[in-house]
Every structure is written in C-alpha cells, then in structure tokens.
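Trainee: Take a look at this one; I'll ask things after.
Chains as they are written, first to last, in my numbering: chain A, 196 to 524; chain B, 10 to 271.
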C-alpha cells in the first residue's frame, strides 16, 4: 500500500545537503521499514541531481531531483507546490522534513495544500499498529506531548541534532526527475538574495557544541571569552535573554523560550542562573555544563557537570585546556 | 491599508507546567494567560503600518470567554476593533482547524496585510499563519525580523540559520513576526480607556458559514494523546572550592573521558 511510503524532503543550502536532512532521511528509513513501505528522497534546487547522488548511503528506494528556475533560492510558494505535488504523485503517507528555518516554513504550507496534519519539531517517532505517533516538546520543553494523527498523509518536522544518522546498504536507485509544474510568472513574493549575518558564524541551532553567556558577562566585550571557547570546541556561541535584552549581543544568538531551542551534544552555560525561560531552550541538550559563581543557581540542578567559580578566571583556562587537547589529538 | 493581526492567548512564559488529570492537557489552575509574546511584535508592526499608510487595524483571536481580555489588550495598544471567534464547536481545534476558522473570518473582509506571531508559545507549532496564507491563496513570509515599505511594495528579512533571506513582494501578504522586528509599545492609560469603548464582535461557526465538523475536535488531524513532564536529570558532578586552573583541567578531563563529548 503506497500510503506506507515515506517521503523525505532533503534541504540543501550553498551546494550542500544539510546534515539535519540526512538525519531525517535516516529516521525515514526506520519509519519506512517499520511501516513496510518504501523510502523516497526529494532533492530540490540548483544542482539537485548532483546532490542527490550523495544520498545513497542512507538507502532510499527512490531519489527524485527537482530543478526549476523558481527553485534556485528557497521560496515558499514553489517549494510548497513541489512538496505537495511530489507527496501526491508518490502516494506517500508520511512526509518528513527537518525543523530548520526552511522546514518550518515549507512544512505547514505544503500540509495546508493537502489538508494534512503536521507535528512540528518532533524528537521521537514510533509506529503503533501501522500508525505513526510523534513526541514533541511543548511549552518550550517544559512538557512533552505525544501527537496522534488522523487522516493521511501526515507531515512531521524533526528537530535537528536529535535523530542519529545510520547508514543502510545503498540500493543505488537511479536518480529520477521530479515531475513539477509551476508558473514562475505567478510568483507574487520573491526571495531575491541571501544576506549572511554579521560574523557569519555557526548557528546555535545547528551546532553540536554551544557555549552561552548570560547576565554575568556584564557587557558586549566579554563575549569574546565565550566566542573563544566556542571556537576552540568547534561550536557556536549563544546567549541568555538577559544578555540579549541588555543589548550586548544580537537576538539570533538567544537560547530559550523566546529565542532558539537547541539540543547539542554539549551545552556550556556561563554566568547563566537558569531562569525557566532559558532552561526551556536547552534542557534537551545531551550533556550540560554550568559555570557560575553562585552555588545555588538553578542551572546546577540541570547540569551534568559544573564549576562553582569566577567565569573570568575559568573560561580562559578552559579554552587553553581545550586547545591543548585538540592540538594533541 | 486594511490590516489584520491574529493573536493567541497563551500561558505566561513563567508558567510552571503541571499536567491535568486527563493526562493530556495543561492544568490551568493558577495559570496567568497573556498575549503570546511573538504576537506582540505582530501587533506593533500592524500599528506601525497603519501610522505609515493609514487605514484600519483589526485584531482576531479564536477561543473562549477568557480570550476577550487579550483582545482588549490589543485594542488598548491601538487596534481599532476586534473579532472574537468564539463557538463551542471551535474547542479542540488543531493548527488546521484554527487556520480554517481564521481564514473564514479574514476572507470576508479582504485585508491587504495580515500579521501573525511566528509561533504561539506553548504549543510552539508555528503553523497557523502559514496555513492561513495558503487557504487564502496569499503569499507569506515567515519569521520576519525586518520590514521596509516602498509604497505598497515591501522588503522583508527572514531569519534563517546564520543568514537572512531577503524577500520582496506586493500586497496582499501574510507575514509572521520574529523577535527583533520592533519594540512593542505598552498600552497607555488613554489607550486602555479608549479600548473599553471599542468593538469586540463575537463571531460563531454559523456566522462564518463554516461546517462545524471541519473544525474543533472532530476536524482535527492532530491531537495530544498524552502530555508528560520531561524525564528529570540526575544530579551532576559539581566542582567546588578548586582554583581555576585545576577546575578547568578536571572539567576537560571529565568531558573527554567520562562524557566523551569533546
């Protein structure tokens, strides 16, 4: 039955398939196998055919590539039309996307075209009696909801950095051209260009290590200490709402309920007391480290490791130790 | 310019979450309800657009009696009137149902600009604004951090990972607001007094000509089967009373050898 088939939208930016999409494809393999269906990967945009050839290790049964003038930069309307058309043509019952900026924009629009339900930013999927159930953090991670679907197809966006990448034997399917009809002249809103953010650093939501600074940073200049440790660890810099609202650092770095939700392998909170607002954004991190002068700070209740002490003394030492370690390995 | 702003009433972000007896919803005892923070940016942008282009700002919200207080807040900030979509048939609506209700109410009036917050805090779905755009056959731009006008033509910046997409277009359009777009104003005393005299029209499914089975619990394509608190974390190793070099070296060792994350 075709409704058992799983379609995964593969996001690419700057000529690269995103790792979070590979995670989604890997989870798609697991879901398709559990449902007894096949796995279809859809790659869109400039150079889609070339990118599609990178997917064989995740074992999709079919690979579709869509190249079209309206797909060169991401734009909601043509991409949503493509995803909905492909879902219909392939008769897929489950459509997976990564919950990135693109996936969060594309998923709802495509789902709306098909009158389908969508569960956003999920962290776990299971199959119960041939139906998919999704677990997702709600109230910014303060609770976990289990979502049940009715109707078919269903759309699910998956939180990046949560689902493991597992290789499965390559089936080497031929790369097929996706059927796609879209009249670009009807496009009413256009993405004209991309503008790299200041510094163009690794984004907190995509990093496997995040080092964040809070109120104790006292000013913008001290974020240098955070940035240096983050760089030594190959990670990204983050901040608490207190630091963002004080104007020390841009909102794009904010982790928490009104910022970004992250789940890196390692999260280091420096001078962050652990307001519920902040905990909501990082409590699903795999390992949490807290560095704070106040031994009673709530962040220590969540931390796997912590140092009670002055971050101005500790951070430079930590950076030095990490550099030493990385230098030797 | 005819401007709509759609808001949702949500539990305050400081809320300590407790699970209700049914095991699949929030225990609302003692919870304070507020306008969802991202919706405040949408309201501010609506008011700014009116100041620039003239016209009218109409606020919309779906929900029970309690929601009227949030609509009143938006009227106090400066919206001209409000539409309260209230019907027992709306209860239990998912993102799909909410978008059907809102699209039904919005299409009757023909707005040039429709604003939403990028997501409601709480359910954190981020779907309704985008779905409304699709149902109304309008383009949308989501997660907007910057908006500039040149007559009726706009340029929006949309936040993505480590960059912004620059999106240009003409009205009508649906936009969803991200923090950073503006600094929402507080309601002035004068605004609060004026809001008391402004109209909040109550609208039902029948008023919209909506088939009640396509919204609410019966129309929902997603529902919460279970709501639970996340697993607690076990107590960690906290290094105290060590000098900075020793603590730093020990932490790096633990992260390397025990946690194996670096």
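Yeah, the Cβ is synthetic: ideal placement off N, Cα and C, and Gly gets one too.
Check each residue of the segment 434 to 446 of chain A: if its Cβ is closer than 9 angstroms to any Cβ of chain B, include it; give the result in chain order.
Mentor: 439, 445 and 446
Trainee: Work out the CA separation of residue 424 of chain A and residue 521 of chain A for me, nearest whole Å.
Mentor: 12 angstroms
Trainee: My understanding is that residue 203 of chain A touches residue 232 of chain A, with C-beta atoms under 8 angstroms, so please give their C-beta distance in whole angstroms.
Mentor: No, residue 203 of chain A and residue 232 of chain A are not in contact; Cβ-Cβ is about 12 angstroms, not under 8 angstroms.
Trainee: Find the residues of chain A that neighbour residue 235 of chain B, judging by a C-beta separation of less than 8 angstroms, and give them in chain order.
Mentor: 340 and 341
Trainee: Which residue or residues does DSSP assign as beta-bridge partners of residue 239 of chain A?
Mentor: According to DSSP, residue pairing for residue 239 of chain A in a beta bridge involves A:261.
Trainee: Using the Cα positions of residue 450 of chain A and residue 31 of chain B, report the straight-line distance between them to the nearest angstrom.
Mentor: Approximately 32 angstroms between the Cα atoms of the pair.
Trainee: Determine the contact status of residue 261 of chain A and residue 373 of chain A, defining contact as a CB-CB distance below 8 angstroms.
Mentor: yes
Trainee: Is residue 269 of chain A helix, strand or coil by DSSP?
Mentor: coil
Trainee: Of the residues that make up the segment 385 to 417 of chain A, which ones have a beta carbon closer than 8 angstroms to any beta carbon in chain B?
Mentor: 385, 386, 387, 388, 389, 390, 391, 392, 395, 396, 397, 398, 400, 401 and 404
Trainee: Does the separation of the CB atoms of residue 431 of chain A and residue 410 of chain A fall below 8 angstroms?
Mentor: no
Trainee: Within the segment 147 to 201 of chain B, note down every full beta strand (DSSP E) run reaching 3 residues or more, in order along the chain.
Mentor: Within the segment 147 to 201 of chain B, the beta strand (DSSP E) runs of at least 3 residues that lie entirely inside it are, in chain order, 149 to 159, 162 to 169, 172 to 179 and 182 to 186.
Trainee: With a threshold of 16 other CB atoms inside 10 Å of the CB of residue 70 of chain B, please say whether the residue is buried or exposed.
Mentor: Buried, because 16 or more other Cβ atoms sit within 10 Å of the Cβ of residue 70 of chain B.
Trainee: Inspect the CB distances between the segment 448 to 462 of chain A and the segment 203 to 212 of chain B and report whether three or more fall short of 8 angstroms.
Mentor: no
Trainee: Checking contacts by CB at 8 angstroms: is residue 121 of chain B closer than that to chain A?
Mentor: no
Trainee: Only counting the same chain, and skipping five residues up and downstream in sequence, which positions put a Cβ closer than 8 angstroms to that of residue 364 of chain A?
Mentor: 254
Trainee: Please report the residue range of the beta strand (DSSP E) in which residue 132 of chain B lies.
Mentor: Note, residue 132 of chain B: premise wrong, no beta strand (DSSP E); not H, not E.
Trainee: Please identify the residue among B:182, B:91 and B:79 whose C-alpha is closest to the C-alpha of residue 146 of chain B.
Mentor: When only C-alpha atoms are compared, the closest one is B:182.
Trainee: Check whether the Cβ atoms of residue 260 of chain B and residue 507 of chain A sit closer than 8 angstroms, and answer yes or no.
Mentor: The answer is no: Cβ separation not under 8 angstroms.
Trainee: May I ask you to list, following chain order, the residues of the segment 128 to 152 of chain B that have a beta carbon less than 9 angstroms from some beta carbon of chain A?
Mentor: Residues passing the 9 angstroms Cβ filter: 128, 130, 131, 132, 133, 134, 135, 136, 137, 138, 139, 140, 141, 142, 143, 144, 147, 148, 149, 150, 151 and 152.
Trainee: Would you please state the rounded distance, in angstroms, between the beta carbons of residue 91 of chain B and residue 209 of chain B? I believe it to be under 8 angstroms.
Mentor: 4 angstroms
Trainee: Can you say whether residue 222 of chain A is buried or exposed, counting buried as having 16 or more other CB atoms within 10 angstroms of its CB?
Mentor: buried
Trainee: Along the segment 256 to 285 of chain A, what residues have a CB closer than 9 angstroms to any CB found in chain B?
Mentor: 268, 269, 270, 271, 272 and 275
Trainee: Assuming residue 238 of chain B contacts residue 338 of chain A under a Cβ cut-off of 8 angstroms, what Cβ separation, rounded to an integer in Å, is found between them?
Mentor: Yes, they are in contact, since the Cβ atoms of residue 238 of chain B and residue 338 of chain A sit about 6 angstroms apart, within 8 angstroms.
Trainee: Measure the alpha-carbon distance for residue 76 of chain B versus residue 93 of chain B and round it to whole angstroms.
Mentor: 8 angstroms
Trainee: Mind checking the segment 460 to 477 of chain A against chain B and listing, in chain order, the residues whose C-beta falls within less than 7 angstroms of any C-beta there?
Mentor: For the segment 460 to 477 of chain A, which is checked against every Cβ of chain B, the residues closer than 7 angstroms are 460, 461, 471 and 472.
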